[in-house]
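Below is one structure, written out as structure tokens, with a few remarks after it.
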Amino acid sequence: MYKPGVGGVSDPELIPSSRVAPRYPLRARWRKLEGKVILSAVVEADGRVSSVKVVTAPEPDRGLARSAIQAVRKWRYRPALLEGRPVACHITVVVNFNIE
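The numbering of the sequence shown is our numbering, which starts it at 119 and goes up by one.
Structure, rendered in structure tokens:
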């Protein structure tokens with residue numbers, strides 16, 4: 119698996135129109151819980167997101183991690199490139215939850 123910026127691998131680029139905002143879980147909103155969820159994921163060579171895992175999340179998370187994962191799985195990227203060819207790579211995604 120490749121890592122962007124290492125060995126000539128370019129960064130994958132998020133396609134802005136695919137960026138689905140995560141749903142703010144009611145349990146977290148009622149408790150005015152804010153914070154960030156950090157995820158590890160794979161951007162496949164076709165731009166899909168897979169293997170999404172939680173690195174860190176607020177405790178108690180009250181559904182924030184699940185909501186972040188569900189949103190990020192819907193995102194699409196222009197894939198990372200190595201020598202002009204699309205390749206799968208690891209990324210880190212930060213999803214912020216703030217009550218406005």
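Where is the CB? At the ideal position from N, CA and C, for every residue including glycine.
Query	Result
Distance CB(V155)-CB(A206) smaller than 7 Å	no
8 Å contact criterion, which P130 and A198 should meet: CB distance rounded	5 Å
As assigned by DSSP and simplified to three states, the class of S168	strand
Within the region 172-209, ranges of the alpha helix (DSSP H) (whole runs, at least 4 residues)	182-192
Short Cβ contact (7 Å threshold) for S136 with R194	yes
Neighbour-count burial assignment, L151, 16 or more Cβ in a 10 Å radius	buried
Buried or exposed by the 16-neighbour rule on C-beta atoms within 10 Å, applied to I217	exposed
Burial state of L144 (16 or more Cβ within 10 Å)	exposed
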